[in-house]
Amino acid sequence: MKKRDPIFDVSASSHSTGQGGALGADALFRAHAGFVASFLRRIGIASADVDDLVQEVFLVAHRKGGFVPGSGHPKSWLAAIALRVASTSRRSQRRRREDADTELEAMHSPNADATRVLEGRAALRRVQQALDTLTLDDRATFVLFELEGQSCDAIATAFEIPIGTTYSRLHNARKRFIEAHARLEREDSAVVRLRTART
Amino acid sequence: MHEGPRRLVDDPAVSSSLRDDLARAGEEHRAYAAAYDAASKGAGLQAALMSQGGGAAGMGLLAKVALGVTAAAVFMFAGAALHARLQGRSEPARSGAVNAPAAAPAPVGPVATPSAQRPQDIVRHAPDAPDAPPVQAPATPPRAAQHDDTPHEVRQLARIRAYLQSGDATRALELAERGQRELGESALWQEREALAVLALFELDRAEQAEQRSAVLLARFPSSPFRAELEHRLRRAHEQ
């Protein structure tokens, strides 16, 4: 079977998917731009930079000829591109602490219960700070597996790495994440105790 | 069937507070994705990729700027990465390499790599090129690649592809050759040339297509377009 040549195969529409054909950039964008944006934030891109990098990801996806059904999961495939784009971007170092707060406000309505918002905000901050202790590769694997529910097989296929490497990354990521999360919880508890003592 | 590891959020051995936090993060992750306004934010991308005729005339200024910046970043990075890879394969090297991270990952897609050689030179030296007649080369000397051209090149390539997809190979060829004349040794020379060759095949000008294809592949032996070009050549010979 002839291997489909990326980008050059003009027989495949760049904006649709035929039977067995590639899913083009704009169809991919409509279906998965939100996922890519959320993934980029979770691996450390500042919210202000997400839109630009999302565009970069889909330009690269277009240059690759779009997603070819049967070659894994489109989300994993896009995540692999996003990881490469992010890894070359200095923006990945620029994530701001206040991002976690704005993220939460997007999640809850203005009328949401204040306590729940505060709890949610603390939870997201702990998760993000724990994620920030991981290497970019481990972080991407963790986000795809733990938050996105992708299988290790799909991740390995998309990242073109052996399944054993995927398990290893996930193992390392979990170990560090759990340690960091426990530390952050202890810190939060200490702050709460201090505030309680003052009042 | 092999069962993979259990997610932390489903693992009772993990602390409930961690599972709660992860559940909230997962909920937020999905909510953000669902709320992302792909329809409006994709306008710039769509205009660039799908532009026909009027090109990106319908794009807003911000979209144009964003596209320009992002496309330039993508192509600069990918070009630099491929350049590094090609150097290790003794392919023609480009002059004036783009700065790139020391540990730049492999390019994620086929990328044209500008060469220090001009197409005319290649015609004379390419081992696969026929002795005569000479392969058509740009009428005017190509100017040096400019990174500012990249967004324009992206849009132009999208138009060439659109013409090919719509069956208008004549206009596709005209536009590709105009690009070669105007942009010369630019970042996407190889892709433009490959599309020109494809247009020639579509116009049943197989002999010219074969000549230019030979030049292209002599210049870039590991071109990502090799498989497609060779496939089209075989088809042309069969007919």
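Protein sequence lines, in the order shown, are assigned to chains A and B. Each residue of the first sequence is one higher than the one before, starting from 5 at the first, in the working numbering. Each residue of the second sequence is one higher than the one before, starting from -7 at the first, in the working numbering. Glycine included, each C-beta is placed from N, C-alpha and C at the ideal position.
Short CB-CB distance (under 8 Å) between residue i and chain B
i, result
"I182 (chain A)", "yes"
"H77 (chain A)", "no"
"F39 (chain A)", "yes"
"E191 (chain A)", "no"
"S155 (chain A)", "yes"
"L108 (chain A)", "Any answer about L108 (chain A) is weak, because its pLDDT of 47 lies below 50 and its placement is not dependable; what the coordinates show is given next. Taking Cβ atoms only, chain B reaches closer than 8 Å to L108 (chain A), which makes this a yes."
"S20 (chain A)", "Below a pLDDT of 50, predicted positions are generally treated as unreliable, and S20 (chain A), at 40, falls in that range; no measurement from the model is reported."
"G124 (chain A)", "yes"
"R197 (chain A)", "no"
"F149 (chain A)", "yes"
"F33 (chain A)", "yes"
"A127 (chain A)", "yes"
"L174 (chain A)", "yes"
"V131 (chain A)", "yes"
"R202 (chain A)", "no"
"D55 (chain A)", "yes"
"S42 (chain A)", "yes"
"R187 (chain A)", "no"
"R143 (chain A)", "no"
For residue j and residue i, the rounded distance between their alpha carbons
i, j, result
"H185 (chain A)", "L180 (chain B)", "47 Å"
"V64 (chain A)", "A201 (chain B)", "28 Å"
"L156 (chain B)", "A83 (chain A)", "30 Å"
"R88 (chain A)", "S172 (chain A)", "19 Å"
"E233 (chain B)", "I152 (chain B)", "Outside the displayed range of chain B (-7 to 231) lies residue 233 (chain B), so it cannot be described from this structure."
"L44 (chain A)", "Q59 (chain A)", "12 Å"
"L235 (chain B)", "R16 (chain B)", "Since the first and last residues shown for chain B are -7 and 231, residue 235 (chain B) lies out of range."
"P(-3) (chain B)", "R46 (chain A)", "21 Å"
"A27 (chain B)", "S42 (chain A)", "10 Å"
"D29 (chain B)", "L209 (chain B)", "42 Å"
"D141 (chain A)", "D2 (chain B)", "23 Å"
"S51 (chain A)", "Y24 (chain B)", "11 Å"
"E123 (chain A)", "I165 (chain A)", "37 Å"
"E220 (chain B)", "R204 (chain B)", "14 Å"
"N176 (chain A)", "I167 (chain A)", "14 Å"
"R39 (chain A)", "A198 (chain B)", "Sequence inspection shows Phe at residue 39 (chain A); the Arg mentioned does not correspond to that position. Looking at the two C-alpha atoms, the distance is approximately 44 Å."
"L187 (chain B)", "A168 (chain B)", "7 Å"
"I49 (chain A)", "A90 (chain A)", "7 Å"
"F67 (chain B)", "V146 (chain B)", "Since pLDDT at F67 (chain B) reaches only 42, below the 50 mark, its modelled position is unreliable, and no value is offered."
"L174 (chain A)", "G176 (chain B)", "47 Å"
"V189 (chain B)", "A206 (chain B)", "10 Å"
Cβ of residue i within 8 Å of any chain A Cβ
i, result
"E185 (chain B)", "no"
"G159 (chain B)", "no"
"G(-4) (chain B)", "yes"
"G18 (chain B)", "yes"
"L208 (chain B)", "no"
"L167 (chain B)", "no"
"H144 (chain B)", "no"
"L225 (chain B)", "no"
"L195 (chain B)", "no"
"V1 (chain B)", "yes"
"A188 (chain B)", "no"
"A26 (chain B)", "yes"
"A30 (chain B)", "yes"
"S9 (chain B)", "yes"
"H21 (chain B)", "yes"
"L14 (chain B)", "yes"
Residue i, enclosing alpha helix (DSSP H) - first and last residue
i, result
"Q154 (chain A)", "Looking at the DSSP string, Q154 (chain A) is not in any alpha helix (DSSP H), and its letter there is neither H nor E."
"A188 (chain B)", "W181 to E194"
"G18 (chain B)", "S8 to A27"
"S215 (chain B)", "Run containing S215 (chain B): none; DSSP gives neither H nor E here."
"D141 (chain A)", "L140 to F146"
"A90 (chain A)", "P78 to S91"
"I167 (chain A)", "I167 to R202"
"A31 (chain B)", "A30 to K33"
Spatial neighbours of residue i in its chain, beta-carbon cut-off 8 Å, leaving aside the 5 residues before and after
i, result
"L195 (chain B)", "A161, T162 and L165"
"L0 (chain B)", "V6, L10, R11 and L14"
"A201 (chain A)", "none"
Cutoff 7 Å; reference residue i; Cβ partners in own chain excluding five residues on either side
i, result
"L188 (chain A)", "R130, Q133 and A134"
"T145 (chain A)", "I159, T170, R173, L174 and A177"
"S158 (chain B)", "none"
Other residues of its chain near residue i: CB distance less than 6 Å, five sequence neighbours each side excluded
i, result
"R180 (chain A)", "T137 and L138"
"E185 (chain B)", "L208"
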